[in-house]
Amino acid sequence: MLSRTVQVLGVVFGITLTAAPLSPAGATNINTSAVACQQAVFQAVPSDKQNRVGIIDSGVVNMTNVPTIVICPVPRSPLAAGATSGGFWLDGDNLLNSLVTVQTTCNVASYTYQGVLHGWSGFTATEATYDRFVSLPASMLGFYDYVSVNCVLPPYHDALRTYLGVFRGVTASQ
Amino acid sequence: MRVVAHLVAFAAVGAAIVYFGSGRSLPAARLPLAPAAVPIRTDDNSQLSLQVEALQREVAALKSVAARPSESSTSSAAQPPAELTTDAERAVEAERHRVYMVGVAQAFAAERVDLKWAGYASSRLATTLQEDDVLRTAAHDFECRQQTCRLRIEDDGSGKLSQRLTMMSLRLMDVFPAATAELVDQGNGRNALVLYMSSQPTPPAAGPAK
Chain H
72 MLSRTVQVLG VVFGITLTAA PLSPAGATNI NTSAVACQQA VFQAVPSDKQ
122 NRVGIIDSGV VNMTNVPTIV ICPVPRSPLA AGATSGGFWL DGDNLLNSLV
172 TVQTTCNVAS YTYQGVLHGW SGFTATEATY DRFVSLPASM LGFYDYVSVN
222 CVLPPYHDAL RTYLGVFRGV TASQ
Chain C
8 MRVVAHLVAF AAVGAAIVYF GSGRSLPAAR LPLAPAAVPI RTDDNSQLSL
58 QVEALQREVA ALKSVAARPS ESSTSSAAQP PAELTTDAER AVEAERHRVY
108 MVGVAQAFAA ERVDLKWAGY ASSRLATTLQ EDDVLRTAAH DFECRQQTCR
158 LRIEDDGSGK LSQRLTMMSL RLMDVFPAAT AELVDQGNGR NALVLYMSSQ
208 PTPPAAGPAK
């Protein structure tokens with residue numbers, strides 16, 4: 072009886088060992104600091120050409136007293152076979168204060184290799200520190216598609232003499 | 008003795024499962040607890056027919072690309088050139104997105120109309136379109152229902168439209184946190200971008216909804 076149990080155990084271990092390499096690989100995280108972000112064009116106020124954003128050690132900030140849009144690259148790896156969606160983590164800070172409401176609005180947008188919009192998914196964060204997850208369906212994350220993050224950073228506050236938000240970066244988790 | 012043997016066997020199997028099941032998820036801490044995009048239940052027959060249709064189109068796309076003559080194929084028939092593979096892959100991806108958008112369109116068609124939400128969403132969308140000089144002048148129409156607005160807007164091919172729509176989305180994030188889009192041939196020599204903008208935080212992982 073014991074030898075039979077050992078046989079069964081052997082079979083179970085054999086199946087487990089054989090199946091292990093076939094199981095889906097763990098997701099790969101690719102982190103990108105927001106120091107790679109740049110301000111979007113066509114933001115007319117106060118000026119199209121003004122350098123509105125500043126880079127600090129932990130990310131990108133808005134140095135003007137109006138909300139400013141930044142666009143950030145999102146390096147990523149191809150989706151695993153059979154995946155129905157891909158995910159992205161966006162991180163940053165809102166420097167909450169008693170004088171003004173502070174919020175950061177971001178989206179993750181994907182485009183075809185020809186630059187045609189596939190769609191977006193996003194959020195508006197009002198918390199002091201945000202760590203938001205957004206996902207896009209697999210059909211928007213093809214091998215040749217491009218992904219970028221767009222964020223509206225809260226303005227610099229003249230009276231407080233500080234920027235009111237830091238966008239730290241994005242992690243593609245696929 | 009039998010009981011002990013069975014206990015040992017169960018313990019060993021359990022240990023194997025724990026060992027091989029853990030320690031492989033590299034970024035476990037950053038993965039969501041639950042998948043953000045939950046597959047939508049679909050009618051079996053319609054889903055099967057969609058899948059069959061998708062496969063047929065993918066095969067057709069591959070055949071059409073493979074049948075296309077190229078300089079490389081004439082010089083080296085045995086070795087498929089890299090460009091051909093890329094074209095084929097892109098064709099398959101485009102077809103996959105087209106099929107996905109068919110599901111999204113069907114889900115939109117099946118939505119009831121919530122007059123209150125539709126009225127509010129329409130108002131916000133119209134105002135935001137008017138505020139942008141590129142979007143304002145592009146021919147467009149839209150329809151809002153229960154949680155989705157369908158916007159059709161002509162694309163002049165300059166590349167400005169996608170940029171402006173992405174920027175527009177930031178102003179409308181409180182109404183439409185997610186959207187899916189597709190470029191369609193209008194049959195009059197012009198293309199239009201059709202967007203399904205949703206009040207739901209995540210685009211559907213698959214369509215159509217039942």
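Order-wise, the sequence lines are chains H and C.
Count along the first sequence from 1, then add 71; that gives the number in this note's numbering.
Count along the second sequence from 1, then add 7; that gives the number in this note's numbering.
A virtual CB, placed ideally from N, CA and C, is assigned to each residue, including glycine.
Discussion item. Residues in the same chain with beta-carbon distance under 8 Å from Val141 of chain C, minus the five sequence neighbours each way, listed in chain order, please.
Written reply: Lys167, Leu168, Arg171
Discussion item. Measuring CB atoms only, is the segment 185–205 of chain H touching the segment 123–135 of chain H, in the sense that at least three cross pairs come out at less than 8 Å?
Written reply: no
Worksheet item: Helix, strand or coil: which one does DSSP assign to Ser130 of chain C?
Response: helix
Practice prompt. Compute the Euclidean distance between the alpha carbons of Ser181 of chain H and Ser210 of chain H, then round it to the nearest angstrom.
Written response: 10 Å
Worksheet item: At what residues does the beta strand (DSSP E) containing Thr173 of chain C begin and finish?
Response: Looking at the DSSP string, Thr173 of chain C is not in any beta strand (DSSP E); the run it does join, the alpha helix (DSSP H), is 167–178.
Worksheet item: Taking the C-alpha atoms as reference points, what is the distance between Ala230 of chain H and Thr175 of chain H?
Response: 20 Å
Fill in: Met204 of chain C versus C:Gln193, C:Gly196, C:Asp192, C:Ser176, residue with shortest Cα-Cα distance
The residue with the shortest Cα to Cα distance from Met204 of chain C is C:Ser176.
Worksheet item: What residues of chain H sit near Gly166 of chain C, judged by a beta carbon separation below 7 Å?
Response: Gly186
Practice prompt. Look at Val247 of chain H and Leu161 of chain H and say whether their C-beta atoms are less than 8 Å apart.
Written response: Look at the range of chain H in this structure, 72 to 245, and you will see that residue 247 of chain H is not part of it.
Discussion item. In the DSSP assignment, the alpha helix (DSSP H) including Arg159 of chain C goes from what residue to what residue?
Written reply: Arg159 of chain C -> not in any alpha helix (DSSP H); beta strand (DSSP E) instead, spanning 155–162.
Practice prompt. Quick one: give me the first and last residue of the alpha helix (DSSP H) that Arg2 of chain C is part of.
Written response: Within the shown structure, residues of chain C are numbered from 8 to 217, placing residue 2 of chain C beyond reach of any answer.
Fill in: At least three beta-carbon pairs within less than 8 Å, the segment 109–129 of chain C to the segment 148–155 of chain C
yes
Worksheet item: How about Leu224 of chain H: is its C-beta nearer than 8 Å to some C-beta of chain C?
Response: So, not an interface residue.
Worksheet item: Roughly how many angstroms lie between the CA atoms of Gln113 of chain C and Leu200 of chain C, to the nearest whole one?
Response: 17 Å
Item to complete: Identify which residue in C:Gly194, C:Glu189, C:Gln207, C:Met180 has its Cα closest to the Cα of Glu102 of chain C.
Response: Residue C:Glu189 is the option with its Cα nearest to Glu102 of chain C.
Fill in: Segments of 3+ residues assigned as beta strand (DSSP E) that fall wholly inside the segment 156–181 of chain H
The beta strand (DSSP E) runs lying completely inside the segment 156–181 of chain H and spanning 3 residues or more are 156–165, given in chain order.
Discussion item. Going by the DSSP bridge assignment, what does Gln110 of chain H pair with across the sheet?
Written reply: H:Val141
Worksheet entry | Proximal residues to Ser216 of chain H (C-beta, below 8 Å), its chain only, five neighbours per side dropped | Here residue 216 of chain H is Asp; the residue named in the question, Ser, does not match the sequence. Once the five neighbours on either side are set aside, the close Cβ partners of Asp216 of chain H are Ser181, Tyr182, Thr183, Tyr184, His189.
Worksheet item: How far does the beta strand (DSSP E) with Thr209 of chain C in it reach, from first residue to last?
Response: Where Thr209 of chain C is concerned, there is no enclosing beta strand (DSSP E), given that its DSSP letter is neither H nor E.
Item to complete: Could you list which residues in chain H have their beta carbon closer than 9 Å to that of Leu200 of chain C, in chain order?
Response: Val187, Leu188
Discussion item. So that I know if they touch, is there some Cβ in chain H lying closer than 8 Å to that of Asp181 of chain C?
Written reply: For Asp181 of chain C, the answer is yes, since a Cβ of chain H falls inside 8 Å of its Cβ.
Discussion item. Please return the same chain residues whose Cβ sits closer than 8 Å to the Cβ of Gln121 of chain H, not counting the five positions on each side in sequence.
Written reply: Thr135
Practice prompt. Using a Cβ cut-off of 9 Å, pull out every chain H residue sitting near Leu190 of chain C, in sequence order please.
Written response: For Leu190 of chain C, the chain H residues whose Cβ falls inside 9 Å of its Cβ are Thr183, Gln185, Val187, Leu188, in order along the chain.
Fill in: Interface residues of chain C facing Thr149 of chain H [CB-CB closer than 7 Å]
Note that residue 149 of chain H is Pro in the sequence shown here, rather than Thr. The contacting residues do not exist; Pro149 of chain H stays about 11 Å from chain C at best.
Worksheet item: Can you find at least 3 beta carbon pairs, one from the segment 233–242 of chain H and one from the segment 124–133 of chain H, that sit closer than 8 Å?
Response: yes
Worksheet item: Would Phe238 of chain H count as contacting chain C if we go by Cβ distances under 8 Å?
Response: no
Discussion item. Give me the DSSP bridge partner(s) of Phe149 of chain C.
Written reply: C:Leu158
Discussion item. So, under 8 Å CB-CB, Leu207 of chain H and Val179 of chain H are touching, yes? Tell me the CB distance rounded to an integer number of Å.
Written reply: 6 Å
Worksheet item: Closer than 8 Å, CB to CB, is Ile140 of chain H near chain C or not?
Response: yes
Discussion item. Just list the residues that DSSP pairs Phe214 of chain H with in beta bridges.
Written reply: None, per the DSSP bridge assignment.
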